[in-house]
């Protein structure tokens, strides 16, 4: 395994029957009755439309709560600690056991105040993938909701987002306005993936060459699929961030980095706070 380091940062949703009166013989009264009947019909039609819209809204809400994951997640990962998974050199970060390969860098994102480890980023061949774990109900997922919120956030910032279907399931490729190192207007590209598991959700953010280089992205995607998630048995609120645990390593390997050329923890548009 390559360099292991920390990166500190501050802690950053009645149908009414139309009554006819046979005793009405006056034309004016008949016209009045017809008008009332038409009004009732319009009200019934409006009620039907409202009911249909309500049903559609309910269907949308139910769809958002469905779990989103590759069909082969239980066989190819990410794995739940209770499932069978292949042997691999993994770094134990408590809730996440992440695979490591030669030449890879592992960086932890910690909170300045609490010193909690909020995320881990794996850097390899110029590409990065940031991983965060969240608690979910057993029968509900988060990725559908988070993906929609993220797309809305990108649009508000004047950026563009495209939903993709990949081996990781549904991903979101985004481009947002950003300044280049020279200070000129430019764009920043990232790709987001998310996988719902048993009582947990893991979000991945690809950056650097992992966005533009298919080979680098495939390598990091394979590492993502090799992650083992240990949600624990304690009660947690839905959407609560699952803090990671820093491993015990030599002091010289935990030298703090003020800057990172990939800026994997510069969240930008992906900040849709999830608690």
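Residue numbers (the working numbering): -6 to 268. Note that the Cβ used here is the ideal one computed from N, Cα and C, for glycine as well.
(1) Would DSSP call residue 62 helix, strand or coil?
(2) What are the boundary residues of the alpha helix (DSSP H) that includes residue 200?
(3) On the criterion of 16 or more Cβ atoms from any shown chain inside 10 Å, does residue 275 qualify as buried, or is it exposed?
(4) Taking all protein chains shown into account, do 16 or more other C-beta atoms lie within 10 angstroms of the C-beta of residue 284, making it buried, or fewer, making it exposed?
(5) Short check: CB of residue 136 to CB of residue 163, under 9 Å?
(6) Would you mind sorting residue 213 into buried or exposed? The rule is 16 or more other CB atoms within 10 Å of its CB.
(7) Measuring CA to CA, which of 236, 224 and 52 is closest to residue 75?
(8) Three or more C-beta pairs closer than 8 Å, one from the region 140 to 155 and one from the region 122 to 132: is that the case here?
(9) Could you tell me whether the Cβ atoms of residue 161 and residue 143 are closer together than 9 Å?
(10) Are the CB atoms of residue 234 and residue 113 nearer to each other than 9 Å?
(11) Whose C-beta lies closer than 8 Å to the C-beta of residue 81 among residues of the same chain, with five residues either side of it excluded?
(12) With a cut-off of 8 Å on the beta carbons, I'd call residue 121 and residue 200 a contact; round off their distance for me.
(13) Out of curiosity, what's the CA-to-CA distance linking residue 172 and residue 118?
(14) Of all the beta strand (DSSP E) runs that stay within the bounds of the region 122 to 189, which reach a length of 3 or more residues?
(15) On the CB-based measure, 16 or more other CB atoms within 10 Å of its CB, does residue 175 come out buried or exposed?
(16) Given a cut-off of 9 Å on the beta-carbon distance, is the pair residue 100 and residue 116 in contact?
(17) Bridge partners for residue 117 per DSSP, in chain order?
(18) What residue does the beta strand (DSSP E) around residue 91 start on, and which one ends it?
(19) Below 9 Å between beta carbons: does that hold for residue 211 and residue 110?
(20) Taking the straight line between their C-alpha atoms, what separation do you get for residue 127 and residue 61?
(21) CB-CB under 7 Å to residue 189, same chain, minus the five flanking residues each way: which ones, in chain order?
(22) Buried or exposed: which applies to residue 241, given that a residue is buried once 16 or more other Cβ atoms fall within 10 Å of its Cβ?
(23) I need the DSSP call for residue 86, collapsed to helix, strand or coil.
(24) For residue 55, tell me which candidate among 103, 138 and 78 has the shortest Cα-Cα distance.
(25) Given this structure, state the Cα-to-Cα distance separating residue 186 from residue 150, to the nearest angstrom.
(26) Taking the straight line between their C-alpha atoms, what separation do you get for residue 184 and residue 147?
(27) Out of curiosity, what's the CA-to-CA distance linking residue 170 and residue 145?
(28) Confirm, please, whether the CB-CB distance from residue 71 to residue 204 is below 9 Å.
On the basis of the data shown:
(1) Along the chain shown, one-based indexing puts residue 62 at 69. Residue 62: coil per DSSP, three-state reduction.
(2) Reading the chain shown from its first residue, position 207 is the one you call residue 200. Where residue 200 is concerned, there is no enclosing alpha helix (DSSP H), although the beta strand (DSSP E) it sits in stretches over 193 to 201.
(3) Past the boundaries of the shown model lies residue 275; the chain is included only from -6 to 268, so the question cannot be answered.
(4) The structure shown does not extend to residue 284, since the chain is modelled only from -6 to 268, so the question has no answer here.
(5) The sequence position of residue 136 within the chain shown is 143, counting from 1. The sequence position of residue 163 within the chain shown is 170, counting from 1. Yes, these two residues count as a Cβ contact at 9 Å.
(6) Stepping through the chain shown from its first residue, residue 213 is reached at position 220. The residue is buried, with at least 16 neighbouring Cβ atoms inside 10 Å.
(7) On the chain shown, position 82 is the one that residue 75 refers to. Checking every option, the nearest Cα to that of residue 75 belongs to 224.
(8) no
(9) By 1-based counting over the chain shown, the position of residue 161 is 168. By 1-based counting over the chain shown, the position of residue 143 is 150. Contact: no.
(10) One-based indexing of the chain shown puts residue 234 at position 241. One-based indexing of the chain shown puts residue 113 at position 120. Taking 9 Å as the Cβ cut-off, residue 234 and residue 113 do not qualify as a contacting pair.
(11) Sequence index remark: in the chain shown, residue 81 carries index 88 (1-based). Only 92 and 219 meet the Cβ criterion.
(12) Counted from its first residue, the chain shown places residue 121 at position 128. Counted from its first residue, the chain shown places residue 200 at position 207. With 8 Å as the limit, residue 121 and residue 200 qualify as a contact, their Cβ atoms being about 5 Å apart.
(13) Your numbering for residue 172 matches position 179 in the chain shown. Your numbering for residue 118 matches position 125 in the chain shown. Each residue's alpha carbon lies about 24 Å from the other.
(14) 153 to 159 and 162 to 172
(15) Along the chain shown, read from residue 1 onward, the residue named residue 175 stands at position 182. Label assigned to residue 175: exposed.
(16) Position 107 of the chain shown, counted from the start, is the residue given in the question as residue 100. Position 123 of the chain shown, counted from the start, is the residue given in the question as residue 116. Yes, they are a contact pair.
(17) For the purposes of this step, residue 117 is taken as residue 124 along the chain shown, with counting starting at 1. According to DSSP, residue 117 bridges with 120.
(18) In the chain shown, counting from the first residue as 1, residue 91 sits at position 98. Note, residue 91: beta strand (DSSP E), 89 to 92.
(19) Reading the chain shown from its first residue, position 218 is the one you call residue 211. Reading the chain shown from its first residue, position 117 is the one you call residue 110. No, Cβ-Cβ distance for residue 211 and residue 110 is not below 9 Å.
(20) The residue labelled residue 127 in the question sits at position 134 within the chain shown. The residue labelled residue 61 in the question sits at position 68 within the chain shown. Their Cα atoms are separated by approximately 14 Å.
(21) Locating residue 189 in the chain shown gives position 196, where the first residue counts as 1. Within the same chain, residue 189 has close Cβ partners 60, 61, 62, 129, 134, 135 and 136.
(22) Numbered from 1 along the chain shown, position 248 holds the residue referred to as residue 241. Burial call: exposed.
(23) Counting from 1 along the chain shown, the entry for residue 86 is found at position 93. The answer is coil: DSSP assigns residue 86 none of H, G, I, E or B.
(24) Locating residue 55 in the chain shown gives position 62, where the first residue counts as 1. That would be 138, whose Cα lies nearest to the Cα of residue 55.
(25) Taking the first residue of the chain shown as position 1, residue 186 is located at position 193. Taking the first residue of the chain shown as position 1, residue 150 is located at position 157. Their Cα atoms are separated by approximately 20 Å.
(26) Here residue 184 is taken as the residue at index 191 of the chain shown, counted from 1. Here residue 147 is taken as the residue at index 154 of the chain shown, counted from 1. If I take the Cα positions, the gap works out to 12 Å.
(27) Residue 170 sits at position 177 when you count from the first residue of the chain shown. Residue 145 sits at position 152 when you count from the first residue of the chain shown. So the alpha carbons of these two residues sit roughly 15 Å apart.
(28) Locating residue 204 in the chain shown gives position 211, counting from the first residue. Locating residue 71 in the chain shown gives position 78, counting from the first residue. Their beta carbons are not under 9 Å apart, which means residue 204 does not touch residue 71 by this criterion.
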